[in-house]
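Asker: Dropping the structure in here first, questions after.
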Amino acid sequence: MIRAKNRMGLIFFPAFDWAISPTHPEREERLLYTQDQLREEGVFDIEGLVEFKPDIATEEDVMRTHFCFPDVAGVTTESHMISAGGAIKAARIVMDGQADKAFALVRPPGHHAMKSVHGNRGFCNINNEAIMIEYIRDTYGLKKIAVVDTDCHHGDGTQDIYWNDPDVLYISIHQDGRTLYPGSGHVDELGGPAAIGKTINIPLPPETSDEGILYAIDEMVLPILADFGPELIVNSAGQDNHYTDPITNMSFSAQGYAILNEKLNPDIAVLEGGYSIQGALPYVNLGIILAMAGIDYSHVREPDYNRDALRQDARITSYIKKLKDVVLESYFNPPSYQGLPPVGEFMTRKKNIFYDTDGIRETQLESILRCGECAGLFSLETYSSVYPLSLGIEIPLHACGNCEKEGMKLLNDAKKSGKYSTIQMINRVKKEYFRT
Amino acid sequence: MAKFDLFLGLDVGGTHTDAVLIDDDGIVAHYKAVTDHDNLLRSVRAAIEEITRDAKKKNIKRVNLSTTLSTNAIVENKLENVCVIISAGPGIDPGNFTIGSQFYVVDGSIDHRGTEIKGLDRNGISRIAEEAAGSGIRVFAAVTKFSTRNPDHENEIAEAVMTASDFVTRGHMLSGQLNFPRRIVTAYFNSAVWRLYNGFADAIDAGLRELGIEAELNVLKADGGTMPLGLSRDLPVESILSGPAASVMGIAALCDITHDSIILDIGGTTTDIAIFADGIPLIEKEGISLQSNPTLVRALKTRSIGVGGDSVIHVNGRDVSVGPDRKGPAMAAGGKEPALVDAFNYLKIITFMDAGASERGISGLAANNGMTPENLAGAAIDFAVARIKDEVYRMLDDIHNRPVYTIHEMLEGKRITPDTVYVMGGPAEAFRDMLAEAFGAAVVIPKNYDVANAIGAALAKTTIDIELFADTGRGVLLIPNIGVRQNVSTGYSVKDAERDVRAHLAKHLQSLGVPVTEQDTEIIESSSFNMVEGFYSSGRDIRVKCQIKPGVIKRLS
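Read top to bottom, the protein sequences are chains A and B. For the first sequence, the numbering used here begins at 1235 and goes up steadily by one. For the second sequence, the numbering used here begins at 6 and goes up steadily by one.
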């Protein structure tokens, strides 16, 4: 019998009865062959590896993290609540000590879902990792958490949610945004005024292989993590860097994914994208599970794997080496914001968001109250092609008394103004989440 | 059953051999003797001879046998040397699955779709066969990864070693289920007990004929069903651990179980627990484990805990506990240490054998620990009841927390809420009121529970489960464990598959002489996935599981 070195919880929820549409990559079939492979390998019989049923996330879990317009039910289906619940379950079994590590192998994914949600973008409605992290911070009081997003697409949703949060380090490794959806994730996107350097982007050129991605882990991600000193590391585990993925252009392998997870040593992994459902996912998922559980994965290999064909161009290697200096500088010596409004005034940013899956266009005006004591009161005016002008207000975790007071005042003024169709309120200090 | 038909049920257990003869009106005769552990055949023959002494032999239509033969052989490691030949392809290092002294991994690989990735190394297999012949090995196990998606490589191995072998277990004939390590273990055990089991089967066959009994002969399985003796000759591993299942099916025959229920078999040393949902016994999801080796052998979901009538009472400070050890019989029956039964005896909940001895034991233990005997006896019983209750609820929790894979099951999953506890075993009556209170449920203690195991054996239905897999893109349909392989058209649908799987199951059993119709079959899982390559549909992946569920052919209540 095989024994796992790390006690490992697996939350496997393939949602065999849910699809975005019948031929969409995010369809019923997606994890079918992964399940076949895991069952045939006897993974669920491994001593120390236990399969768990997901929780179902509550409205409160979603409202703690997102502003949903018109409301949570309006932008989610049961599948989203189970997927987010799967991530929460992963957190609970690790935090409660039932397992050393957990992998939420759930769908649909979440890392393109931003703070404000009007619909589905990049196959995502709500952000599974963020909902999980906010659950952890709320329930277990952890302070510093790192998310390493290894999906091939930039996790613009997770970046947006933690943009101004100094306690959550977000590092994304992805195919360069100039060549792939969603087009963001450039090295100079470094976080908001209270959290500069706590968002780190590592955009890699198309056809980067095991060598390049593992170099990024060794030379950029691990030193940054060592310095940040998180209490918990989350792998936002997309599998679409794979050389067979139909919608991306990278050259990563199952072995590469396994080695990455061994090096990164995440406490929790949550599945994101990955759409080579026959040629990659069965082997990549097996590799990740074995690596996290501390079991030999050296025999895990795609049937058509050819190391020579996947060797990375020397120009890519030298590009990534140069990128290293920029990335490390961004974290260890981030630039400071120029021309910030003084403490006590709002810093604003206007954003246009396109929801590719649902064809929605949203316009946001984001305001952060400059505060010397906390991350600062956050608010967001939003309207979209499907929903009229609304407002989200967040009194952030560990907010100071003044920001909390200002938040309540903002809420009252907003109600009185009658301008907003919906107001979503997040009060992390009082743990109150509601809409009016 | 017809008016004069007789059914014989026989359970050769670890301690006792029980037999019953049943006719249309009920139990005609029953028999109990101590099992001759070293000569099970003698126990079987004695039981059959004795119980059919006054019966019209011609009227005996069915003899069903539950035996520990294969289980004992495995547990006591009295196994024939098996040459295990596997091919694995990419995945977990197959060296982890080494079993037996002759374990060979050959080149060759099939992927999760059943596509051959790498041909089988036939030369390597020939060399292995020669080597095996050289060391006098005559039984083989051929197991390849994903053989239930494509059995070609297993068949090729079997063919290549044919002349060197008396028997080859091909993994895909054991179960349609995906689980390569379990398939290896199960195939190994199957081949390792094959000769022993067939010798036994020959002897039973001959013995019955000598007695003038020409009944159909079936063997009990751990899932509470039977299989024809002829079939069991190729699948002897399916006969392991059938004893607890026989008792559970006995209760099903003695009581009219229609709701969610708990079954407790409280013996001298242990309490065995089973669960019924809507009157049907629950089956273990994957298969039963034998000596911590997980297998593909289908089994009823049962748990065993060390609480029984003879479980010793322990006092540690103010804590009173019972079991899991047994040190001979209770004091009431001549034992030396007070046991659970003595506590019941002391409180006069029952009157069992030497009540004076129980009183001495309980009073003595109480005095040594500064307690009143009433408190000690009460605490011991409370502990035992709480222990049983905890285990039942843990089992129900496990069932409710069992992972599911669709939103529908996630939201609509059935919860089991038992309203009746069926109790059998020597101390059953003593527990009646306490269990009723603990579970807030009705307690039923059937008559004749002492031969429930043999009754269960006599009346259990033939069970089988098969898994159909069809890929309309590749145009293939497989039902691995009954050897069906055919072509399907691109229009083949899940409805077609459900119809065909029932028909194949019925036909298979009919060919083995089991009188079933398609109405007896039941579809337990059915799915159809559109397969998409690029953005175009490339066919359907259809999977249908079909079974004859465990049940009894007749109730005695």
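All residues carry an ideal CB built from backbone N, CA and C; glycine is no exception. Quick caveat, the model's predicted, so the values are computed rather than measured.
(1) On the criterion of 16 or more Cβ atoms from any shown chain inside 10 Å, does N195 (chain B) qualify as buried, or is it exposed?
(2) Could you tell me which residues DSSP puts in a beta bridge with G429 (chain B)?
(3) Taking R420 (chain B) as the reference, give the member of B:D403, B:S316 and B:P451 with the closest Cα.
(4) Mind listing the chain B neighbours of Q1271 (chain A)? Cutoff is C-beta to C-beta under 7 Å, in chain order.
(5) What residues in the stretch 405 to 420 of chain B have a beta carbon less than 8 Å from any beta carbon of chain A?
(6) Shorter than 9 Å from the beta carbon of V1328 (chain A) to some beta carbon of chain B?
(7) So what's H1258 (chain A) in DSSP terms, helix, strand or just coil?
(8) So is D1279 (chain A) in contact with chain B if we call contact Cβ pairs under 9 Å?
(9) Do the stretch 1393 to 1411 of chain A and the stretch 1523 to 1543 of chain A make contact, defined as three or more Cβ pairs closer than 8 Å?
(10) Which residue comes first and which comes last in the alpha helix (DSSP H) that contains P1568 (chain A)?
(11) Where DSSP assigns a beta bridge to S1613 (chain A), which residues make up the other side?
(12) Relative to the alpha-carbon of I1523 (chain A), which residue among A:M1235, A:L1244 and A:R1237 has its alpha-carbon at the smallest distance?
(13) Along the alpha helix (DSSP H) that carries F205 (chain B), what are the first and last residues, could you check?
(14) Just list the residues that DSSP pairs G31 (chain B) with in beta bridges.
(15) Does any CB atom of chain A fall closer than 9 Å to the CB of Y541 (chain B)?
(16) If you compare alpha carbons, which of B:R50, B:R127, B:V166 and B:E219 is closest to F145 (chain B)?
(17) Along the chain, where does the alpha helix (DSSP H) that runs through L370 (chain B) open and close?
(18) In whole angstroms, what separates the C-alpha of T307 (chain B) from that of Y109 (chain B)?
(19) Secondary structure at A1324 (chain A), three-state DSSP: helix, strand or coil?
(20) Report yes if the C-beta distance between D1538 (chain A) and Y1509 (chain A) is below 9 Å; otherwise report no.
(21) Taking contact to mean at least 3 C-beta pairs separated by less than 8 Å, is the stretch 1276 to 1289 of chain A in contact with the stretch 1322 to 1335 of chain A?
(22) Taking any Cβ of chain B, which residues in the stretch 1627 to 1639 of chain A have a Cβ under 7 Å from it, in chain order?
(23) Is F1486 (chain A) near the ligand ATP, judged by its Cβ being under 8 Å from some heavy atom?
(24) Given that A1325 (chain A) touches chain B, what residues does it touch there, using C-beta distances under 7 Å?
(25) Is the beta carbon of L1265 (chain A) sitting closer than 9 Å to the one on A1249 (chain A)?
(26) Taking a cut of 9 Å between CB atoms, which residues from the stretch 144 to 160 of chain B lie near chain A?
(27) Go ahead and label I268 (chain B) buried or exposed: buried means 16 or more other beta carbons lie within 10 angstroms of its beta carbon, across all protein chains shown.
(28) Does the count of Cβ pairs from the stretch 220 to 240 of chain B and the stretch 77 to 90 of chain B closer than 8 Å reach three?
(29) For V253 (chain B), report the span of its alpha helix (DSSP H) as first-last.
(30) Within 10 angstroms of the Cβ of Q524 (chain B), are there 16 or more other Cβ atoms? Answer buried if so, exposed if not.
(31) Suppose the cutoff is 8 Å on Cβ atoms and the five residues either side in sequence are ignored; what does the same chain contact list for S594 (chain B) look like?
(32) Could you spell out the range, first to last residue, of the beta strand (DSSP E) harbouring I1245 (chain A)?
(33) What residue range does the beta strand (DSSP E) around A147 (chain B) cover?
(34) Can you tell me whether H1408 (chain A) is buried or exposed, with buried defined as 16 or more other CB within 10 angstroms of its CB?
(35) By alpha-carbon positions, which one of B:G292, B:T425 and B:L483 ends up nearest to D228 (chain B)?
(36) Return the residues of the stretch 472 to 486 of chain B that lie within a Cβ-Cβ distance of less than 8 Å from chain A, sorted by chain order.
Answerer: Well, looking at it:
(1) buried
(2) Note on residue identity: the sequence assigns Met, not Gly, to residue 429 (chain B). DSSP, once it has assigned bridges, lists B:D270 as partnering M429 (chain B).
(3) B:D403
(4) H117
(5) N406, R407, P408, V409, Y410, T411, I412, H413, M415 and L416
(6) no
(7) coil
(8) yes
(9) no
(10) It is not in any alpha helix (DSSP H) - P1568 (chain A) carries neither H nor E in the DSSP assignment.
(11) A:S1601 and A:I1627
(12) A:L1244
(13) F185 to E215
(14) B:D28
(15) yes
(16) B:V166
(17) A360 to N373
(18) 35 Å
(19) helix
(20) no
(21) yes
(22) none
(23) Looking at this structure, you won't find the ligand ATP or any other ligand, since it has none at all.
(24) Within chain B, no residue comes near A1325 (chain A); the closest Cβ sits about 17 Å away, beyond 7 Å.
(25) yes
(26) K150, F151, T153 and R154
(27) buried
(28) no
(29) G248 to L259
(30) exposed
(31) Outside the shown range of chain B (6 to 562) lies residue 594 (chain B), about which nothing can therefore be said.
(32) R1237 to F1247
(33) V144 to T149
(34) buried
(35) B:G292
(36) none
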